[in-house]
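Residue numbering for the sequence shown follows our numbering, starting at 17 and increasing by one per position.
Glycine is no exception: its CB is placed at the ideal position from the N, C-alpha and C atoms.
Have a look at the structure below before the remarks.
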Amino acid sequence: MDKKVIYSAVQPSGNLTIGNYLGAIRNWVSMQDEYDCFYAVADMHAITVRQEPSELRRRTLELVALYLACGIDPEKCALYVQSHVPQHAELAWVLNTIAYVGEMSRMTQFKDKSQRHAENINMGLMDYPVLMAADILLYQTQLVPVGADQKQHVEIARDLAIRFNNRYGETFTVPEPLILKSGAKICSLQDPTKKMSKSDENPNASVFLTDDRDTIVRKFKRAVTDSGSEVKFSEDKPGVSNLLSVYCAFRGIAIRDAEREFCGKGYGDLKLAVGETVADALAPVQEEQKRLLSDKKYLSEVLKAGAEKAYRAARRTLSKVYRKVGFYQGE
Ligand code: TRP
């Protein structure tokens with residue numbers, strides 16, 4: 017039987033946090049053998065908010081190097097940059113004609129970003145979910161591993177697939193979101209009731225994959241904790257619980273075991289242990305990313321091969337779509 021198709025992408029905007037690492041990239045790695053995976057750097061999505069061109073270019077390559085450093089194997093999956101495969105934009109155009117302005121204007125992220133970028137509410141920002149649907153549907157994707165914040169977008173992709181299939185006949189596989197648990201709930205170190213975000217204004221709130229050892233240890237030392245002194249995972253201790261979650265995710269142990277380890281110890285011990293654990297875990301990834309970034313020729317080759325793999329699959333779907341909607345394609 018054919019393997020199930022998995023699609024996911026990350027935007028090259030802002031630095032990735034340990035939440036992105038635990039919640040997305042680490043899971044992608046574990047799915048490479050079992051599934052047919054397409055992993056992209058969503059540069060076309062990134063420009064829906066203003067980007068500095070030279071930074072966008074640099075971040076795109078950094079993200080590719082990071083995927084590879086984390087263990088994404090370009091032999092096993094298609095690792096590519098979205099703008100290298102023109103079918104994404106082409107399918108998005110067709111899907112635009114079945115997407116309604118009303119439903120797009122009601123999307124949570126659109127409303128949220130319209131507020132945050134009130135000076136730049138562009139058509140692309142509103143069209144973001146349609147482009148994302150095109151990403152997913154081009155590859156006849158079955159599963160889309162994403163954080164909970166992207167669930168609504170995957171639902172729009174489902175709706176558009178069903179709508180298109182109803183109007184023009186069976187064309188797209190209807191995808192399902194795969195909401196990743198571990199890491200999906202890593203919270204801000206400064207406000208542990210909020211998700212850790214790569215765009216948080218407070219630099220101490222998020223730990224970035226690019227942070228050096230001292231920075232990581234310092235950020236955990238400054239993490240907001242709770243009243244009381246017992247290291248225990250509980251609802252009334254969001255700060256301590258968050259630190260325990262991070263610790264366990266990186267150590268691969270159960271919360272119970274971590275609680276036992278810190279029995280009789282204090283918050284300070286926990287903070288130091290988490291900081292050092294995270295720094296130790298990220299050091300080899302950072303080193304490998306740096307090595308890869310010094311080998312641009314290799315990175316270009318990986319991206320070229322990835323784009324070709326994606327292109328072959330994307331072309332098949334797009335020509336089916338063009339036929340269904342009635343575009344003349346020659347005799
Ligand atoms: N919107 C996603 C995010 O910001 C990134 C993304 C773009 C994506 N295209 C996708 C995720 C397709 C899953 C599938 O996280």
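Residue closest to residue i, alpha-carbon to alpha-carbon, out of the options
i    : options                   : result
T124 : I269, K167 and K253       : K167
S257 : S215, K336 and K287       : K287
N112 : D230, A173 and K313       : A173
Y408 : I88, V262 and P145        : Because the chain here runs from 17 to 347, residue 408 falls outside it and cannot be looked at.
V110 : R179, R75, D89 and F278   : R179
S70  : R332, S29 and N138        : S29
D18  : D49, A40 and G35          : D49
I283 : G322, S245 and P90        : Note that residue 283 is Tyr in the sequence shown here, rather than Ile. When only C-alpha atoms are compared, the closest one is S245.
G291 : V65, E192 and R234        : R234
A221 : L176, T157, N181 and R238 : R238
A52  : S335, R66 and G322        : Inspection of the sequence shows that residue 52 is occupied by Asp rather than by Ala. The candidate whose alpha carbon is nearest that of D52 is G322.
C-alpha gap between residue i and residue j, whole angstroms
i    : j    : result
I271 : C264 : 6 Å
V318 : K281 : 48 Å
D273 : L141 : 45 Å
I202 : Y96  : 27 Å
K43  : M60  : In the sequence under discussion, the amino acid at residue 43 is Asn, which differs from the Lys named in the question. Going by the C-alpha atoms only, they are around 23 Å apart.
K325 : R332 : 12 Å
V190 : L153 : 8 Å
A164 : D216 : 18 Å
D128 : V162 : 19 Å
P90  : Y23  : 14 Å
N182 : L309 : 46 Å
Beta-carbon proximity check, residue i vs residue j, cutoff 9 Å
i    : j    : result
F126 : A329 : no
E304 : A58  : no
L196 : L298 : no
L107 : V337 : yes
L72  : A62  : yes
D285 : V240 : no
Y184 : K340 : yes
A40  : D151 : no
I88  : V45  : yes
L194 : V160 : yes
F266 : T231 : no
G346 : K211 : no
Burial state of residue i, where buried means 16 or more other Cβ atoms lie within 10 Å
i    : result
T33  : buried
P102 : exposed
R75  : buried
F236 : buried
F188 : buried
F278 : buried
M139 : exposed
I137 : exposed
E78  : buried
G268 : exposed
Cβ of residue i within 9 Å of any chain C Cβ
i    : result
Y263 : This model lacks chain C altogether, as it is built from one protein chain only.
heavy atom of the ligand GTP below 8 Å from residue i C-beta
i   : result
S99 : What this structure holds is the ligand TRP, not the ligand GTP.
Ranges of the alpha helix (DSSP H) found wholly within the stretch 72-146, counting only runs of at least 4: 103-112, 117-121 and 124-132
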